[in-house]
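In this text, residue positions in the sequence shown follow the numbering used here: the first is 519, and each later residue adds one. First the structure, in the form of structure tokens, and then the observations on it.
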Amino acid sequence: MKALVKTERLSKYFPVGGLLRPRGYVKAVDNVDLEIYEGETLGLVGETGSGKTTLGRLILKLIEPTSGRIVFDGVDITRLSGEKLREFRRKAQIIFQDPYMSLNPRLTVYQTLLEVIKVHKLPISDPEEYIAKMLELVGLERGQLHRYPHEFSGGQRQRIAILRALILEPKFLVLDEPTSALDVSVQAQILNMLKDLQKRLGLTYLFISHDIGAVRYMSDRIAVMYMGKIVELGPADAVIKEPLHPYTQALISALPVPDPRAARGRKTLLLQGEPPSPINPPPGCRFYPRCPYFIKGKCDKEEPQLKEVKNGRYVACHLY
Ligand code: SF4
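Right, here's the structure in full:
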């Protein structure tokens, strides 16, 4: 499979306590090697502060990496600028969690989308007709073209935000918790629409969420992040049914099970304590202070590397 996105030893460290004389650094993303295949949805899960949103923003060049490389569609984009960067921005877009915050309340749908067309100098001869047709793509009607964001429901606003990204005909979308600000009743509609759009337009998604049910529904593969590291990666069903890393086992154990018979045989694990300080992460495996399988003298000394342990299944843990 062809990798559309590839990160190589990608890191982002944020200074703490002042830029000039930092007290330390939060290693939000630390030496991440990851591939996202063309046409797939890669789900990215982990607790708040695990680094998943930072990784999504790094891949889109919304923030600069501290070190490492990002390759998009065969091109090293790590140091892109000027026209080449604008070209990349057309191909790779983001959908944020809160559609209301990401839309300008003073612009109608038409004005919002026209602005995108103008900024990116898209060669469209009749923008109003074009935008009206595009509205149908996300389940809205042309009669809604000249309405303001406050006249729409949360789900409709998210449809407009998705359309604003699609108007540039991107190849790749980072979906950063795209439904978590919406009513439960409309979450499934938006997820289904995103799946449908992916098929019709040949899109590739990085789906970031802490909702493992939604990630399973959307994703072909799942990557699990803990304190800036990918600790497990594999096909979505396999990761959910048979999680390998103790942290993934704890995340899955926390899911409510509608049919307890379906969970028979699955390892259950309760997370102990809070994540350690991200400024001074523990040596060795960062999960060791919370891990019931901790091997003294090994887990607290040697950092486990992400390695393939079964076909397409990767885990960073000394148990394997
Ligand atoms: Fe637990 Fe050791 Fe595996 Fe880390 S490497 S998850 S501490 S068993």
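Think of the CB as a built atom: it goes at the ideal place given N, C-alpha and C, for glycine as much as any other residue.
Cβ neighbour criterion (16 or more within 10 Å) applied to residue i
| i | result |
| --- | --- |
| Y723 | buried |
| P583 | buried |
| Q790 | exposed |
| T566 | exposed |
| K524 | buried |
| A768 | buried |
| S795 | exposed |
| P793 | buried |
| E694 | Going by the sequence as given, residue 694 is Asp instead of Glu. Result: buried. |
| E659 | exposed |
| K579 | buried |
| R604 | exposed |
Run of the beta strand (DSSP E) containing residue i, from where it starts to where it stops
| i | result |
| --- | --- |
| I554 | G542 to Y555 |
| Y832 | R831 to V833 |
| K816 | Taken as a continuous stretch (DSSP letters only), K816 belongs to no beta strand (DSSP E), as it is neither H nor E. |
| P533 | A521 to V534 |
Candidates the options: closest to residue i by CA position
| i | options | result |
| --- | --- | --- |
| D714 | G731, E695 and M736 | M736 |
| I577 | L625, T566, Y543 and D551 | D551 |
| N829 | A756, Q790, Y811 and R808 | A756 |
| A706 | L681, V733, P753 and R575 | V733 |
| K651 | P667, V627, F670 and L537 | V627 |
| E821 | I685, P688, D616 and C835 | C835 |
| V610 | Y648, M619 and I595 | Here residue 610 turns out to be Ala, not Val, going by the sequence shown. Among Y648, M619 and I595, the Cα nearest to that of A610 belongs to I595. |
| R541 | K530, I797 and G815 | I797 |
| P801 | L653, K819 and T630 | K819 |
| R624 | Y555, Y618, Y666 and K639 | Y666 |
| P841 | I685, H728, L686 and G720 | The shown model of the chain, from 519 to 838, leaves out residue 841, and the question about it has no answer. |
| F812 | K825, R575, Q716 and Y838 | Y838 |
| H664 | L631, G592 and L773 | L631 |
| V534 | E526, K545 and R527 | K545 |
| I613 | G592, I708, V692 and T559 | V692 |
| I685 | V637, L709, S671 and F725 | V637 |
| L640 | Q662, E556 and R608 | R608 |
| Y543 | E654, G752, G746 and P688 | G746 |
| D591 | G574, E556 and L621 | E556 |
| T559 | D701, M619, S703 and K689 | K689 |
| P799 | V589, V547, I708 and K717 | V547 |
| V702 | G661, L712, G673 and V589 | G673 |
Contacting residues, own chain, Cβ-Cβ under 6 Å from residue i (five flanking each side not counted)
| i | result |
| --- | --- |
| V833 | E750, L762, H763 and V827 |
| V656 | R677, I680 and L681 |
| S698 | Q615 |
| C915 | Lying outside 519 to 838, the shown extent of the chain, residue 915 is not represented and no answer is given. |
| N549 | R527 and S529 |
| P617 | R675, Q676 and A679 |
Cβ-based neighbour list, residue i, same chain, cut-off 7 Å, excluding 5 preceding and 5 following
| i | result |
| --- | --- |
| Y744 | G564, S568, Y765, R804 and F805 |
| G815 | none |
| S620 | F614 and A679 |
Element boundaries [alpha helix (DSSP H), containing residue i]
| i | result |
| --- | --- |
| E826 | Per DSSP, E826 belongs to no alpha helix (DSSP H); it is in the beta strand (DSSP E), K825 to K828. |
| A650 | P645 to L655 |
Other residues of its chain near residue i: CB distance less than 8 Å, five sequence neighbours each side excluded
| i | result |
| --- | --- |
| I642 | I635 and Y648 |
| I730 | V563, I758, L769, I770 and L773 |
Heavy atom of the ligand GTP within 8 Å of residue i beta-carbon
| i | result |
| --- | --- |
| P799 | Absence of the ligand GTP is noted for the structure shown, with the ligand SF4 being the only ligands found. |
* Asked: What are the complete alpha helix (DSSP H) segments, minimum 4 residues, inside the segment 707–738?
  -> 730–736
* Mind pulling the alpha helix (DSSP H) runs of 4 or more residues that sit fully within the segment 668–702? -> 672–684
* Asked: In chain order, which beta strand (DSSP E) runs of at least 3 residues are fully inside the segment 558–638?
  -> 559–563, 585–590 and 610–613
* Could I get the ranges of all uninterrupted beta strand (DSSP E) runs contained in the segment 746–774, with 3 residues as the minimum, in chain order? => 747–753
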